[in-house]
Amino acid sequence: MNALDLPKFWPNRQYSQFISVDGVEWHVQTRGVGPAVLMIHGTGASSHSWAALADKLADRFTLVMPDLPGQGFSSALPPEEVCIEGFARRLQGLLQALGIRPKLLVGHSAGAVIATHLTLHAQFSPAAIISINGAFLPFGSAAAPVFNRLAQWLSKSRLLAYVTAAHGLFNRPVRNMLVETGSNPSAQMMRCYRELISRPDHVTGTLKMMAGWDLGNQRQLLPSLRTPLHLIACSNDRTVSPWQSERLSEFVACSKLYKIPDLGHLGHEEDPAPFADIIQATL
Numbered sequence: 387m388n389a390l391d392l393p394k395f396w397p398n399r400q401y402s403q404f405i406s407v408d409g410v411e412w413h414v415q416t417r418g419v420g421p422a423v424l425m426i427h428g429t430g431a432s433s434h435s436w437a438a439l440a441d442k443l444a445d446r447f448t449l450v451m452p453d454l455p456g457q458g459f460s461s462a463l464p465p466e467e468v469c470i471e472g473f474a475r476r477l478q479g480l481l482q483a484l485g486i487r488p489k490l491l492v493g494h495s496a497g498a499v500i501a502t503h504l505t506l507h508a509q510f511s512p513a514a515i516i517s518i519n520g521a522f523l524p525f526g527s528a529a530a531p532v533f534n535r536l537a538q539w540l541s542k543s544r545l546l547a548y549v550t551a552a553h554g555l556f557n558r559p560v561r562n563m564l565v566e567t568g569s570n571p572s573a574q575m576m577r578c579y580r581e582l583i584s585r586p587d588h589v590t591g592t593l594k595m596m597a598g599w600d601l602g603n604q605r606q607l608l609p610s611l612r613t614p615l616h617l618i619a620c621s622n623d624r625t626v627s628p629w630q631s632e633r634l635s636e637f638v639a640c641s642k643l644y645k646i647p648d649l650g651h652l653g654h655e656e657d658p659a660p661f662a663d664i665i666q667a668t669l
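Count along the sequence shown from 1, add 386, and you get the number used in the numbering used here.
Encoded structure:
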């Protein structure tokens with residue numbers, strides 16, 4: 387696959403490239419000038435999630451926006467590597483291949499967890515980490531194993547992936563899905579997510595990521611984080627409750643909490659302005 391194979395409406399398509407690193411074919415967008423910022427999207431999204439924010443940051447930063455393996459237009463990881471550690475290790479390999487050492491890590495939802503893992507395990511020493519509605523805390527000791535087993539079972543069903551992909555071709559279900567996150571989707575958001583959900587490989591990759599998501603060790607290590615952690619919580623987030631960021635700010639010493647009213651889980655896609663202000667102020 388190459389950039390010409392991407393949908394013509396895909397945001398920042400002109401900045402896309404495909405690069406093969408250790409058996410994984412990455413789709414990554416690199417845009418802008420200045421200090422490098424690695425931007426890690428959340429579960430079920432892709433590099434398109436940063437499009438609106440990139441418009442506001444590209445004149446000051448070099449933005450590196452990959453699709454995580456198995457999602458968007460990147461190929462999947464081997465099953466045994468679909469976990470927080472596996473994604474982090476592969477991201478490190480991608481950045482080494484690109485010759486980029488990021489000054490700042492920005493992660494949305496699950497992407498924020500990967501960003502802290504990269505720093506906690508000394509794979510990077512950024513000036514700061516910015517978490518946007520970070521999904522750092524598990525569902526609960528009882529619910530999490532059940533949820534993971536369900537996702538594991540669903541991810542093995544290729545038929546389910548195709549049925550979900552066919553269902554995703556219709557506009558209304560995609561809009562409902564986005565509204566349920568607490569966000570007010572734009573036409574571009576709906577078009578991009580409709581494209582992703584119409585791709586069986588993306589559906590399967592998302593379910594496998596959910597199945598392999600174990601936050602236990604991460605939760606224990608977070609208090610030892612010494613890199614400044616900027617926690618952005620959107621008040622209308624119905625996917626990851628704002629209390630997660632509030633609670634995390636209490637036991638991570640080098641942290642700062644920001645509360646953004648009205649926006650939902652995809653707040654940076656709805657209105658990038660307040661997020662751009664925080665990122666620019668951080669550096």
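Backbone N, C-alpha and C define an ideal beta-carbon position, used for all residues, glycine too.
For this session: Identify which residue in Leu564, Asp441 and Leu634 has its Cα closest to the Cα of Arg580.
Result: Leu564
Exercise. Could you give the residue range of the beta strand (DSSP E) that holds Met575?
Worked result: First-last for Met575: Ala573 to Ile583, but that is the alpha helix (DSSP H), not the beta strand (DSSP E).
Exercise. Alpha carbon to alpha carbon, how far is Ala496 from Ala474?
Worked result: One Cα belongs to Ala496, the other to Ala474, and the distance between them is close to 11 Å.
Exercise. Does the Cβ-Cβ distance between Val407 and Leu480 come in under 7 Å?
Worked result: yes
For this session: Go ahead and label Pro488 buried or exposed: buried means 16 or more other beta carbons lie within 10 angstroms of its beta carbon, across all protein chains shown.
Result: buried
Problem set entry | Per-residue DSSP class, three states only, for Met387 | coil
Exercise. Is there contact here, the stretch 628-644 with the stretch 611-618, by at least three beta-carbon pairs under 8 Å?
Worked result: yes
Exercise. Measuring CB to CB, does Ala422 end up less than 7 Å from Ile518?
Worked result: no
Exercise. How should Gly602 be labelled, buried or exposed, when 16 other C-beta atoms within 10 angstroms of its C-beta is the threshold for buried?
Worked result: Exposed, by the Cβ-count rule.
Exercise. For the stretch 450-470 against the stretch 424-435, are there 3 or more C-beta pairs whose distance is under 8 Å?
Worked result: yes
Problem set entry | Paired residues, beta bridge with Met425 - DSSP | Beta-bridge partners assigned by DSSP to Met425: Val492.
Exercise. Alpha carbon to alpha carbon, what distance is there between Pro647 and Ala469?
Worked result: Residue 469 is actually Cys in this sequence, not Ala. Going from the Cα of Cys469 to the Cα of Pro647 covers about 32 Å.
Problem set entry | Inter-residue CB distance, Asn508 and Leu669 (contact presumed, cutoff 8 Å) | Reading off the sequence, residue 508 comes out as Ala, not Asn. With a Cβ gap of about 21 Å, Ala508 and Leu669 do not count as contacting.
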